Each structure stands twice: as C-alpha cells, then as structure tokens.
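Protein chains in written order, with my numbering: chain S, 444 to 832; chain D, 245 to 348. So the structure is just underneath, and the comments pick up after that.
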C-alpha cells in the first residue's frame, strides 16, 4: 500500500503542503513594497531579491525562470507580483509565467500606481482578497508520489557523512521507491563522486550528463582557485567544515552524496527549470545553501531536508525545511533549531535504518501540516537566486 | 556496517574504519596524545591503536605510516595526499594533507 499525506491539490494537478500567498517582486526596486504587503496580510510570504535588472543573457534568464518557478511552486495558492515598471525582467512576463499554472495571480506596478504607498495599498487589497479566497481550500489525502523533496547539507562535519546523510538517503530511497521525487544539487561539493554517481544513472545519457555538469563545475572553480590574486580565497570548503574534521572537498563530497541514498538518477536538469521525470534527480547548481534550496523550490520541491553537522538555523519562505544533525553535541546545543537527531546513530542509541524511518515519517507529518522548527521561528533567509558567471 | 560498530563503541575511546581500503580511522570521541583507541573496521575486526597526538572528535588518524604524496583513503576513495610523511596514530587534516581537485 502506498503512503499518503494531506495536501492541497492545485489547478494543474500538483499538490502543495502549505496554502500561502506569495508576494514576488520582479526586480529589487520593488522588494520593499513586496515586503510591506506581506507584513500587512498574515498567510503571505515575500521573496525579496537583489536582481531583475541590468542583467543579460543566461544570468537574466536564470533569474526569470527561477522567479517564475518559485511562483509556480504548489505551496503557493496564489501570487501577487509587484513590479517597478522599467525593469528588464518585466512583471508581465513573471505574472504570465506563473498564471499559466492555473493559480490566481495579481500584478501591481509601482510606476503605474504612482508611489510606494499607493502600490502597497493596492497590492495589500489584492493579497487580502486572495487570502480570504484560498482560506476556503482544504487538505485532501494524496499519495506520496506527489511529493518532491530537496536535499541540501549546510555546515557539514564528519558526522554528516556518517549519520545524517546516510539516514536521509534511506528516507529519500523510500520516497523514490513509491514514485516520489528527490533532488540532489550542490555540484561544487560533489567533486570526486562523479564516477560513483554516474554508475547510478538510469542510462548512458544521464551518466554522461552527471559527468559533464560536475566536470564543468570543477572547471569553473579552477578558474578562481588558480588565479594568483585569489591566494587567500581558494578554499573549496568552509572553516567550520575543517573544524568538524573534513580535510578536503572530496572528503566532504563523499559524505554529501550519501543523502541521495542508493536510487538511480533519472534526470539531470538545469537551474530555474522543473524536472520532466519523477524519481531521483540532479539539479545543476552550486553548493550555496540558499541557491540550492531556491533552485529546488523553483523546480517544485514542497519540502527541503537539510542535514547540518555544525548547526544552522536557516529556512525558506513558504517551503518547510527539516533540519537533521548527525552530531549529538550540536543537537544538545541547538534543539530549538534541529528537527531530527541523527546523532543517536553516533551514540549507538539507534540504527541508521531507524533514523531513516524517523526522517521519512517527519517528511509525511510536515507535508500534512506540521510546522518545521525553522518555520515556527520564522527563518526565511535561504531565498537566493544563483548568478551565472 | 559501521552503525553496528558504533553502538558498541559509543562513549569509549574508539574510532571507525569505513572501508577495507581505508588507511585512516575516524575518532568517535576526543582523543589525547598517547591514548589507546579501539579501532573498529568495517567487517568487525577490532584492534587498539595508540594515537601520537591530540585527535578531536570526528577527525582522522593514520592507521599506518604514510610517506609524502601517499594517497589517503576514506570511504574507500582517495580524499587527498600527504604533504609530509606521517607515523601511525598521527592526525591527518588539511595542515598535512592536500587535495588537487578543483585546484589544479
């Protein structure tokens, strides 16, 4: 029998685990208006960002596709787009890209309204009406095959590779085996694992894609690390990773990939896009926590599972982030931030299998409405769109 | 594999070897210079190793003497090479190990 959760079925058939209104600025110039609108109406989240203009080519296109993708995420029942009016990424393109999913979208343009206060007033009225309308929606029982989770490590230490990541891999495999999806990303921290991941590809095309995207990411890093003026700036892992016992990017990668379990990779897809297949997926993006989870949310992930050995409190607006630590000391210090203690594997209290099941059950509970600790504490700092070099 | 070993080693001066190919062990507790540590291999073999310097929780020490440029194996994969020679029981970290991936 397939496991189920209680979610919100959307117009295009996808399922949300939250029923929020997203307030999305098309450009940084309208970010403060979007933020003020969100503070006026409970049940809304805003997506302030520093981009949307003075960009060109791939860089502008990734911004555009990512903002549209975030708006289309099924956790949002409706969207209010706030534009300035003269930006390169037009609010019309943003609104159109989101509304083609079938969800209600309203658009307010500051230069059309006249000023900040008038734009806030109009957008707040849209958000208020939309919120009242979507408040009538209710959760229904749906199969876990409707779930897509993002996988991301932050503040890794040795215990991430020994406990938290392999336990999450067990939960990910269980979801994928039932038709759900799971996204691995962080290509800057998969260096040294490409031969292992490629062996797990469903066919030669996917294997070639895995080798290509990790190879390209390594070449991109080398251009920076080899530059003589960057002698001080060439570390591929962080101070806390070193303190936690990780000595090289390859050691970090070998532990990091374990959160993808043992399933086969069915597709490699680009940042800002949504995958075309269900199952275990590789999203082509770098290792910055916020850029990763933003890319995953734009792909349609309704939940992010986030192992952290050193302990980080961050969260994502409107997409629950479940924190897991493999470090028993970190769990003792940061219980208010960490949802799952996989440090019980290190202390010998539980097996990896038991903690994997605990994570899987937490995913289902959070999907059905239980708030993650990052949500309760209001953490939303992970929204951060990647830039193309 | 290692999780069953962990349950018998928790709270003791112990370390894990994650793969038969590995030449390092991961400390499961803080170790002081001269501590005798029970090393548990994937597969169940156990033996003591005396560490010759302080090894913090989660850090690695050499299971055998390693020469300069000798590869360091963890998870059965090469994670780097030695910058300098090291004795059995010595701490291996970024001060004495290098990795060229993403660099050269």
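Glycine is no exception: its CB is placed at the ideal position from the N, C-alpha and C atoms. None of these values were measured; they are calculated from a predicted model.
Alpha-carbon spacing of residue i relative to residue j, whole angstroms
i                      : j                      : result
residue 514 of chain S : residue 660 of chain S : 27 Å
residue 599 of chain S : residue 809 of chain S : 23 Å
residue 455 of chain S : residue 496 of chain S : 30 Å
residue 273 of chain D : residue 256 of chain D : 7 Å
residue 588 of chain S : residue 642 of chain S : 25 Å
residue 471 of chain S : residue 327 of chain D : 47 Å
residue 501 of chain S : residue 830 of chain S : 9 Å
residue 780 of chain S : residue 555 of chain S : 43 Å
residue 263 of chain D : residue 323 of chain D : 13 Å
residue 731 of chain S : residue 750 of chain S : 14 Å
residue 738 of chain S : residue 542 of chain S : 19 Å
residue 464 of chain S : residue 832 of chain S : 32 Å
residue 519 of chain S : residue 447 of chain S : 20 Å
residue 605 of chain S : residue 646 of chain S : 29 Å
residue 524 of chain S : residue 652 of chain S : 35 Å
residue 245 of chain D : residue 301 of chain D : Residue placement at residue 245 of chain D is poorly supported in this model, since its pLDDT is 44, which falls under 50; the coordinates still yield a value, given next. Between residue 245 of chain D and residue 301 of chain D, the C-alpha separation is close to 20 Å.
residue 648 of chain S : residue 630 of chain S : 18 Å
residue 290 of chain D : residue 266 of chain D : 14 Å
residue 721 of chain S : residue 622 of chain S : 7 Å
residue 866 of chain S : residue 718 of chain S : The shown model of chain S, from 444 to 832, leaves out residue 866 of chain S, and the question about it has no answer.
residue 671 of chain S : residue 707 of chain S : 40 Å
residue 802 of chain S : residue 704 of chain S : 13 Å
residue 891 of chain S : residue 740 of chain S : In the structure as shown, chain S begins at 444 and stops at 832. Residue 891 of chain S is therefore absent and cannot be evaluated.
residue 664 of chain S : residue 655 of chain S : 14 Å
residue 344 of chain D : residue 330 of chain D : 19 Å
residue 297 of chain D : residue 462 of chain S : 55 Å
residue 796 of chain S : residue 526 of chain S : 49 Å
residue 489 of chain S : residue 531 of chain S : 20 Å
Exposure of residue i, with buried meaning 16 or more beta-carbon neighbours within 10 Å
i                      : result
residue 701 of chain S : buried
residue 814 of chain S : exposed
residue 557 of chain S : exposed
residue 529 of chain S : exposed
residue 341 of chain D : buried
residue 696 of chain S : buried
residue 632 of chain S : buried
residue 444 of chain S : exposed
residue 498 of chain S : buried
residue 278 of chain D : exposed
residue 603 of chain S : buried
residue 580 of chain S : exposed
residue 430 of chain S : The question about residue 430 of chain S has no answer, for chain S in this structure spans 444 to 832.
residue 533 of chain S : buried
Reduced DSSP category for residue i - H, G, I as helix; E, B as strand; rest coil
i                      : result
residue 297 of chain D : coil
residue 489 of chain S : strand
residue 258 of chain D : strand
residue 348 of chain D : coil
residue 452 of chain S : strand
residue 472 of chain S : helix
residue 326 of chain D : strand
residue 603 of chain S : helix
residue 283 of chain D : strand
residue 477 of chain S : helix
residue 484 of chain S : coil
residue 311 of chain D : coil
residue 268 of chain D : strand
residue 275 of chain D : strand
residue 291 of chain D : strand
residue 589 of chain S : helix
residue 319 of chain D : coil
residue 447 of chain S : strand
Q | Whole alpha helix (DSSP H) elements within the region 606 to 685 of chain S, 4-residue minimum | A | 608 to 620, 637 to 642, 647 to 668
**Q.** Where the region 750 to 771 of chain S meets chain D: residues whose CB sits under 7 Å from a CB there
**A.** none
Q: Could I get the ranges of all uninterrupted beta strand (DSSP E) runs contained in the region 682 to 718 of chain S, with 3 residues as the minimum, in chain order?
A: 708 to 713
Q) Where in the region 723 to 765 of chain S do unbroken runs of the beta strand (DSSP E), each at least 3 residues long, occur, reported from the N-terminal end onward? A) 723 to 727, 746 to 750
Q: Please list the segments of the beta strand (DSSP E) lying wholly inside the region 490 to 566 of chain S, counting only runs of 3 or more residues, in order along the chain.
A: 519 to 526, 548 to 552
Q. What alpha helix (DSSP H) runs, 4 residues minimum, are completely inside the region 780 to 825 of chain S?
A. 786 to 789, 795 to 810, 816 to 819
(Q) Tell me which residues of the region 292 to 313 of chain D have at least one Cβ-Cβ distance to chain S shorter than 8 Å, keeping chain order. (A) 300, 301, 302, 303, 304
Q.
Which residues of the region 685 to 713 of chain S have a Cβ closer than 7 Å to any Cβ of chain D? Give them in chain order.
A. 685, 687, 688, 690, 691, 692, 693, 694, 697
**Q.** Residues, ordered as in the chain, of the region 652 to 684 of chain S that lie near chain D by beta-carbon distance below 8 Å
**A.** 661, 664, 665, 668, 669, 677, 679
(Q) To be precise: take each residue of the region 262 to 274 of chain D, compare its Cβ to all Cβ atoms of chain S, and keep it if any distance is under 9 Å. Which residues remain? (A) 262, 270, 271, 272
Q) Which residues, taken in chain order from the region 318 to 330 of chain D, show a beta carbon closer than 8 Å to some beta carbon of chain S? A) 318, 319, 321, 322, 323, 324
Q.
Against chain D, which members of the region 587 to 619 of chain S pass a CB distance test of less than 9 Å?
A. 600, 601, 602, 604, 605, 606, 609
Q: With 9 Å as the limit, tell me which residues of the region 782 to 794 of chain S have their beta carbon closer than that to any beta carbon of chain D; keep them in chain order.
A: 788, 789, 790, 791, 792, 793, 794
Q. Going along the chain, which residues of the region 451 to 480 of chain S sit with their C-beta nearer than 7 Å to a C-beta in chain D?
A. none
(Q) Any C-beta of chain D within less than 7 Å: which residues of the region 491 to 505 of chain S qualify? (A) none
Q) Got a sec: which bits of the region 623 to 637 of chain S sit with their beta carbon under 7 Å from any beta carbon on chain D, in order along the chain? A) 634, 635
Q) Closer than 8 Å, Cβ to any Cβ of chain S: which residues of the region 278 to 289 of chain D, in chain order? A) none
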